[in-house]
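Peer 1: This is the structure I want to talk about, given as structure tokens.
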Amino acid sequence: MKVALIGITGRVGTRVAEELLQRGHTVTGIARSPERVEAENGLTVVKGDASDPSSLAPLLAGHDAVISAGRFVSMDAAKLVDAVKRAGVPRLLVVGGAGSLEIAPGKALIDTPEFPDAYKPEASAGGVFLKVLRTEPKDSSLNWTFLSPSALFEPGERTGKFRIGGDGLLVDANGKSWISMEDYAIALVDELEKNQHPRARFTVGY
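With numbering that gives the first Met the number 0 applied, the sequence shown corresponds to residues 0 to 205, in that order.
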């Protein structure tokens, strides 16, 4: 597929790009500082800013899917969705956050006392982004997917072994909730290829 990747210079974006390229997809990386991205076969990098969606549409046109891996605090969800739709791209996959995942019915991770204050602005903005996606009409031309990682989300191993969940936080037998960025990238590109969670949020963890 031909994929436009917003936020390719970030920690998650670089790993998603690598996974896409390894599987033979063609990637257009969109970055504020394209010079930071090394040239690779199958990769084109263009200058763009997710905080200015009006200029994004021409960059997104002609792609099979858009993957957004940018920071939520610097994006306007409604305007980004509009840019994807105006570009005529049928699919939007979003690198989500864990804060909106439920730890009990009606109780989100971000609402627990243990949730770090430093992460709350980004997590709150991620929750808003998800709500915007969920307000898309059922007959919308846009097929969106929002993939939330587990609570601990750091660079690590690419194992290919993980679990998939829905709106609830995944924890292992020891009560730990975690996923490597490398395995997260596998789950995201799997979703791109298989389209198993259309117009839905899901999560991945060990």
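By construction, the Cβ of each residue, glycine as well, lies at the ideal position given by its N, Cα and C atoms.
Please read all numbers here as calculations on a predicted model, not as lab measurements.
1. Measure the C-alpha to C-alpha separation of Val11 and Ser149 and round it to an integer number of angstroms.
2. Could you spell out where the beta strand (DSSP E) holding Ala199 opens and where it closes?
3. In terms of residue numbering, what span does the beta strand (DSSP E) encompassing Thr25 cover?
4. Between the C-alpha atoms of Glu34 and Ala103, what's the straight-line distance to the nearest angstrom?
5. Looking at the secondary structure, which residues open and close the alpha helix (DSSP H) in which Ile185 lies?
6. From Ala97 to Asp48, what does the alpha carbon distance come to, in whole angstroms?
7. Of the residues Thr8, Val65, Leu146, Pro136, which one's Cα is nearest the Cα of Gly125?
8. When you compare the CB positions of Val36 and Ser67, do they come within less than 8 Å of one another, or not?
9. In chain order, what are the residue ranges of uninterrupted beta strand (DSSP E) at least 3 long that sit wholly in the stretch 22–107?
10. Spatial neighbours of Ala122 within its chain, please: C-beta separation below 6 Å, excluding the five flanking residues on both sides.
11. Please state if the CB of Gly105 and the CB of Phe161 are separated by a distance shorter than 8 Å.
12. Is the beta carbon of Thr25 sitting closer than 8 Å to the one on Lys1?
13. Are the C-beta of Asn142 and some C-beta of chain C separated by less than 8 Å?
14. Does the distance from the C-beta atom of Ala76 to that of Val127 stay below 8 Å?
15. Would you mind giving the Cβ-Cβ distance between Ser179 and Glu156, rounded to the nearest angstrom? I have them listed as a contact below 8 Å.
Peer 2: In short:
1. 14 Å
2. 199–204
3. 25–30
4. 44 Å
5. 180–193
6. 24 Å
7. Leu146
8. no
9. 25–30, 42–46, 64–67, 90–94, 101–103
10. Gly96, Gly98, Ile109
11. no
12. yes
13. Absence of chain C from the displayed structure is noted, only one protein chain being present.
14. yes
15. 6 Å
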